[in-house]
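In full-length UniProt numbering, the protein residues as written are 347 to 644.
Just so you know, even glycine gets a beta-carbon here, dropped at the ideal spot from N, CA and C.
Heads up, the thing below is written out as structure tokens.
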Amino acid sequence: FKVKMDDFELFEELGKGNYGTVQKVVHKPTGVTMALKEIRLELDDSKLKTIITELDILHRATSPYIIDFYGAFFIESCVYYCMEFMDGGSLDYLAGTDIPEDVLAKVTRCMVEGLKFLKDELKIMHRDVKPTNVLLNMKGYVKLCDFGVSGQLDRSLAKTNIGCQSYMAPERIKGESQGATTSYTASSDVWSLGLSIIEAAIGHYPYPPETYSNVFAQLTAIVHGDPPTLPDQYSDLAKDFVGQCLRKQAHTRPNYKQLLAHPWLESVKDKDVDVAGWVARAHEYRKTHPKIQAPALA
Ligand code: ADP
């Protein structure tokens, strides 16, 4: 079916991104609760139509590790993107709430499954792997959103401040600073995965802003410094997994098949891990310990 604005009853705002807001809505014809993302773009109608057409391939994207897509439309210069509502919130919100290691491994496994699905079935890379783009629900499902499915949309979203809190791999930072456009392969998403796992464990971006006096120093640390590691309380297997994701040389990082076969992810493959229990505890914790956003570097 086709979704349109008149079909929605609007509820609270779920979050704000760089280009607009995400709102909780109910689709009146079906009674289904959804999340409606508004993306403000100054584009002509033909480009907006291209975006809607390109987003259409998402109707083929059904995977338990990918946010369900219900449809998109545009009004004036805004694209409206309608998707599955996730009541657990994003991984950055839940991060740092004492995540047990088996839950961290399960969340990671789901992310790798999602990335592998995008690559194998849709032939796309994610291009923006980070904790805010990993959504969870109270049932314990972990799903990816905001992947680069529409070339036109990606080109239209001017990549503002690549600096602060960059999850970009070293080769991408180097490539962009040299104006290259081909420095990107799936292994760059593997780097971003590694950083996201550490953030889920420690509760903040792994290159802490207070350590660097400016964005340039932070990017220099990513390109030239040693990669961050998981804290000591995690197992050697977990540290090894993250270490492989964060290899500085892109071509030496494992691919998704190899990552899924790593003993750390193998250990939770058929294990009934209580992700839902952790999401519920994390929500309780956040009621008394709200997430404080780190100040952006200049
Ligand atoms: P960004 O542009 O920073 O990636 P988004 O605009 O995609 O952020 O989303 C902003 C916030 O809205 C997310 O961090 C999340 O908390 C919330 N959100 C996004 N999509 C959904 C969804 N499908 N269900 C529930 N909350 C969502």
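- Bounds of any alpha helix (DSSP H) do not take in residue 571, whose DSSP letter is neither H nor E.
- Sorting 565, 611 and 600 by C-alpha distance to the C-alpha of residue 582 places 611 at the top.
- Assignment of beta strand (DSSP E) within the region 435–483, counting only whole runs of 3 or more residues, yields 480–482 in chain order.
- With contacts defined by Cβ atoms closer than 8 Å, residue 532 and residue 465 form a contacting pair.
- Residue 423 sits close to residue 388, with the two beta carbons spaced by under 8 Å.
- Taking the Cβ of residue 465 as the reference point, every heavy atom of the ligand ADP lies at 7 Å or farther away.
- For residue 566, the secondary structure class from DSSP, reduced to helix, strand or coil, is helix.
- If only uninterrupted alpha helix (DSSP H) runs of at least 4 residues are considered, those enclosed by the region 387–418 are 391–401.
- Bounds of the alpha helix (DSSP H) holding residue 629 are 621–634.
- Residue pairing of residue 372 in beta bridges, as defined by DSSP: 355 and 379.
- Of 500, 622, 590 and 623, the smallest CA-CA separation from residue 607 is found for 590.
- With fewer than 16 other beta carbons inside 10 angstroms of its own, residue 467 counts as exposed.
- In terms of Cα proximity to residue 418, the closest of 588, 515, 430 and 412 is 430.
- By the Cβ criterion, the region 443–463 is not in contact with the region 555–562, since fewer than three pairs of Cβ atoms, one from each stretch, lie closer than 8 Å.
- The distance from the Cβ of residue 357 to that of residue 370 is about 4 Å, consistent with a contact at the 8 Å cut-off.
- Shortest gap from the CB of residue 368 to any heavy atom of the ligand ADP: under 7 Å.
- Taken through DSSP and simplified to helix, strand or coil, residue 557 comes out as helix.
- Residue side-chain check: residue 354 keeps its Cβ at 7 Å or more from all non-hydrogen atoms of the ligand ADP.
- With a cut-off of 8 Å on Cβ pairs, the region 622–629 is in contact with the region 443–457, counting three or more such pairs.
- Here the alpha carbons of residue 624 and residue 552 stand approximately 22 Å from one another.
- Measuring C-alpha to C-alpha distances from residue 476 to each of 545, 385 and 449 identifies 545 as the nearest.
- According to the DSSP secondary-structure assignment, residue 367 is paired through a beta bridge with 362.
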